[in-house]
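In my numbering, the protein residues as written are 2 to 457.
Virtual Cβ for every residue (Gly too), placed ideally from N, Cα, C.
Below is one structure, written out as structure tokens, with a few remarks after it.
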Ligand SMILES: Cc1cc2nc3c(=O)[nH]c(=O)nc-3n(C[C@H](O)[C@H](O)[C@H](O)COP(=O)(O)OP(=O)(O)OC[C@H]3O[C@@H](n4cnc5c(N)ncnc54)[C@H](O)[C@@H]3O)c2cc1C
């Protein structure tokens, strides 16, 4: 039956690509519209001689059988790169120096990152009973109620900078980390809940330990490129910006390319767009924007600045994933990824590559600053934090003016706007990082879910 369906997928990021790919697998006719000249959204890898630079995301957590199957089906098994063993070390800045973050309970006991009082508080958390909160709370308050202030400042805060480039006192506990919210309701203690989940995973034959962190030989960009190859270039419209949808017996999709307006009819429409274009989309002949309120979603700018150095220019051993900066340390950069330690083949022999993230909710100005300004900031900070000396031998800046939507307190209202739009317009399906979680794994799951709903 699905073979007779013609589906428009709007937005060629990881969510839209996965949805289009999954639909094609069922024999449905699909056309994917992407406003940019390339698919992948921020997932772009740049090969420049022996340097390999990620413009946006650097790694994926391979934490779902769906993702593992997708990698195999796309023929990417051989190209998969696992993070190097040293990458399991994470550093957090404390008193101006990178300190190793504990990765296990014994590691926590000997860690110099947290005081004795903070460690005691962490172990007391095991006694927490299940709890149903009457209302949502900020992520900072949620974590404080389990582990105390020090964990918020030196555990949660840098972790949230690294994922959301966000502020834990504004993020909603319920929407930004729904799994923790659920654990509190079902188990009480976050630590016991995570141990229970790990045991349950092992009991059904799942892998033990944290999910592997991966990329691909030529960077994460290989994933959208492989999806696009499979969908077929003829089924993908690049530089095609969707302006409006016309509801009716079939959907009319109206798009602009080179200032020409074109209209094509479809049975179903999937919107896999960020908040801003969703808010501007008109649906219907009267120019209504049913998703206009999504314009209020905070989506701060982030800069990703890759710098290459000769090995001897960097004093730090770079034996880890990278270093994150708690806000309490008053640094200008959000974090530094040790890119050439994380994956092989990122820098020429005798050199190292670092990716510095700047911007986010606290310093959106640095998410959009020019290269010369950022270089001044970054050189000073890298000198003080990692003992980097001299000029970089290679540099490449990528800026994302609207990087990551913040699932702040009150985010549930935005989700209601999306749900109400879907209810008003049957055969319209909306998903992606504005709704389904911000990681690439979330995007892949969202793409599969959207495809299944469109076929249902
Ligand atoms: C700097 C940075 C670092 C990150 N690091 C990581 C990481 O290490 N690991 C991780 O898991 N996640 C990371 N993320 C998050 C993750 O990359 C994103 O959440 C995810 O890629 C979003 O995918 P999406 O398909 O939902 O949206 P998008 O990728 O934003 O796709 C939406 C697409 O729609 C297109 N579009 C916009 N308007 C229109 C229109 N009117 N018509 C047609 N097309 C349109 C856009 O051009 C875009 O290609 C990072 C994000 C950024 C910005």
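Quiz item: Across which residues does DSSP place residue 96 in a beta bridge pair?
Solution: Within the chain shown, the letter at position 95 stands for residue 96. Looking at the DSSP assignment, residue 96 forms no beta bridge with any residue, so it has no partner.
Quiz item: What separation, rounded to the nearest whole angstrom, lies between the Cα atoms of residue 240 and residue 8?
Solution: Within the chain shown, residue 240 is the residue found at index 239, counting from 1. Within the chain shown, residue 8 is the residue found at index 7, counting from 1. Here the C-alpha atom of residue 240 lies approximately 19 Å from the C-alpha atom of residue 8.
Self-check item: Stretch-stretch touch, CB-based, cutoff 8 Å, three pairs: the region 265-283 with the region 49-61
Solution: The region 265-283, when compared against the region 49-61, does not touch it at the 8 Å Cβ threshold.
Self-check item: Residue from 297, 55, 258 whose Cα sits closest to the Cα of residue 308
Solution: Within the chain shown, numbered from 1, the residue matching residue 308 stands at position 307. Of 297, 55, 258, the residue nearest in Cα terms is 55.
Self-check item: Enclosing beta strand (DSSP E) for residue 48 [first to last residue]
Solution: Here residue 48 refers to the residue found at position 47 when the chain shown is read from its first residue. Where residue 48 is concerned, the enclosing beta strand (DSSP E) stretches over 46-49.
Quiz item: residue 278: beta carbon under 6 Å from a heavy atom of ligand 1?
Solution: To locate residue 278, count along the chain shown from 1; it is residue 277. Yes, ligand 1 has a heavy atom inside 6 Å of this Cβ.
Quiz item: residue 4 by DSSP, collapsed to three states: which one?
Solution: By 1-based counting over the chain shown, the position of residue 4 is 3. Below a pLDDT of 50, predicted positions are generally treated as unreliable, and residue 4, at 49, falls in that range; no measurement from the model is reported.
Exercise. With distances taken Cα to Cα, identify the nearest neighbour of residue 161 among 258, 134, 266, 361.
Key: Translated into the one-based positions of the chain shown, residue 161 becomes position 160. Of the candidates 258, 134, 266, 361, the one whose C-alpha sits nearest the C-alpha of residue 161 is 361.
Self-check item: Spatially closest choice to residue 313 from 354, 344, 305, by CA coordinates
Solution: Along the chain shown, read from residue 1 onward, the residue named residue 313 stands at position 312. Of the candidates 354, 344, 305, the one whose C-alpha sits nearest the C-alpha of residue 313 is 354.
Quiz prompt | Inside the region 273-352 only - alpha helix (DSSP H) runs reaching at least 4 residues | solution = Along the length of the region 273-352, whole alpha helix (DSSP H) runs at least 4 residues long occupy 276-281, 340-343, reported in chain order.
Quiz item: How many angstroms separate the CA atom of residue 272 from the CA atom of residue 177?
Solution: As a position in the chain shown, residue 272 is number 271, starting the count at 1. As a position in the chain shown, residue 177 is number 176, starting the count at 1. Put simply, the backbone Cα of residue 272 is about 22 Å away from that of residue 177.
Exercise. Pick out whichever of 15, 10, 11, 19 has its Cα sitting closest to the Cα of residue 449.
Key: Along the chain shown, one-based indexing puts residue 449 at 448. Comparing Cα-Cα distances from residue 449 to each of 15, 10, 11, 19, the minimum goes to 19.
Self-check item: Cβ shell of residue 2 (< 7 Å), same chain only, five flanking positions each side left out
Solution: Residue numbering aside, residue 2 sits at position 1 when the chain shown is read from its first letter. Because residue 2 carries a pLDDT of 44, less than 50, the predicted location of this residue cannot be relied on, and no value is offered for it.
Quiz item: Between residue 16 and ligand 1, is the CB less than 6 Å from at least one heavy atom?
Solution: Sequence index remark: in the chain shown, residue 16 carries index 15 (1-based). Taking non-hydrogen atoms of ligand 1 into account, the C-beta of residue 16 is found less than 6 Å away from one of them.
Exercise. Say yes only if the C-beta of residue 252 is nearer than 6 Å to one or more non-hydrogen atoms of ligand 1, and no if none qualify.
Key: Numbered from its first residue, the chain shown carries residue 252 at position 251. Closer than 6 Å to some heavy atom of ligand 1: that does not describe the Cβ of residue 252.
Quiz item: Can the beta-carbon of residue 249 be found closer than 7 Å to that of residue 303?
Solution: Indexing the chain shown from 1 puts residue 249 at position 248. Indexing the chain shown from 1 puts residue 303 at position 302. No. Outside cutoff.
Practice problem: Round the Cβ separation of residue 394 and residue 334 to the nearest angstrom and send it over; I've been treating them as touching at under 8 Å. | Solution: The residue labelled residue 394 in the question sits at position 393 within the chain shown. The residue labelled residue 334 in the question sits at position 333 within the chain shown. Between residue 394 and residue 334 the beta-carbon gap is near 20 Å, outside 8 Å, which marks them as no contact.
Exercise. Return yes when the Cβ of residue 33 is within less than 7 Å of the Cβ of residue 21, no when it is not.
Key: Residue 21 sits at position 20 when you count from the first residue of the chain shown. Residue 33 sits at position 32 when you count from the first residue of the chain shown. In contact: residue 21 and residue 33 (Cβ atoms closer than 7 Å).
Quiz prompt | Beta carbon of residue 315 nearer than 7 Å to that of residue 205 | solution = Translated into positions along the chain shown, residue 315 becomes position 314. Translated into positions along the chain shown, residue 205 becomes position 204. In this structure, residue 315 lies away from residue 205, with their beta-carbon atoms at least 7 Å apart.
Quiz item: Between the region 121-138 and the region 186-198, do three or more beta carbon pairs fall short of 8 Å?
Solution: Output reads yes: the region 186-198 touches the region 121-138.
Quiz item: Since residue 102 and residue 114 are thought to touch, with beta carbons under 8 Å apart, how far apart are those beta carbons, to the nearest angstrom?
Solution: Here residue 102 refers to the residue found at position 101 of the chain shown. Here residue 114 refers to the residue found at position 113 of the chain shown. With 8 Å as the limit, residue 102 and residue 114 qualify as a contact, their Cβ atoms being about 6 Å apart.
Quiz prompt | For residue 261 and residue 324, the rounded distance between their alpha carbons | solution = Indexing the chain shown from 1 puts residue 324 at position 323. Indexing the chain shown from 1 puts residue 261 at position 260. Cα-Cα distance, rounded: 48 Å.
Quiz item: How about residue 43: is its Cβ closer than 6 Å to a heavy atom in ligand 1?
Solution: As a working mapping, residue 43 is identified with position 42 in the chain shown. Within the cutoff, so yes.
Practice problem: Indicate, with yes or no, if ligand 1 has a heavy atom lying under 6 Å from the CB of residue 303. | Solution: By one-based count along the chain shown, residue 303 stands at place 302. The beta carbon of residue 303 sits closer than 6 Å to at least one heavy atom of ligand 1.
Exercise. Kindly identify the DSSP beta-bridge partner or partners of residue 157.
Key: The residue given as residue 157 occupies position 156 in the chain shown. Bridge pairing for residue 157: absent [DSSP].
Quiz item: Are the region 411-420 and the region 55-69 in contact at 8 Å, needing three or more beta carbon pairs?
Solution: The region 411-420 makes no contact with the region 55-69; the number of CB pairs closer than 8 Å stays below 3.
Practice problem: Assuming residue 441 and residue 72 form a contact by the criterion Cβ under 8 Å, report the distance between their Cβ atoms to the nearest whole angstrom. | Solution: Numbered from 1 along the chain shown, position 440 holds the residue referred to as residue 441. Numbered from 1 along the chain shown, position 71 holds the residue referred to as residue 72. Here residue 441 is actually not in contact with residue 72; their C-beta atoms are around 12 Å apart, not less than 8 Å.
Quiz item: Hey, out of 391, 319, 263, 74, whose CA is closest to residue 342's CA?
Solution: In the chain shown, residue 342 corresponds to position 341, counting from 1. Answer by Cα proximity: 319.
Quiz item: For residue 83, which residues of its own chain have a beta-carbon under 7 Å away from its beta-carbon, when the five flanking residues on both sides are left out?
Solution: Translated into the one-based positions of the chain shown, residue 83 becomes position 82. Result list for residue 83: 213, 215, in chain order.
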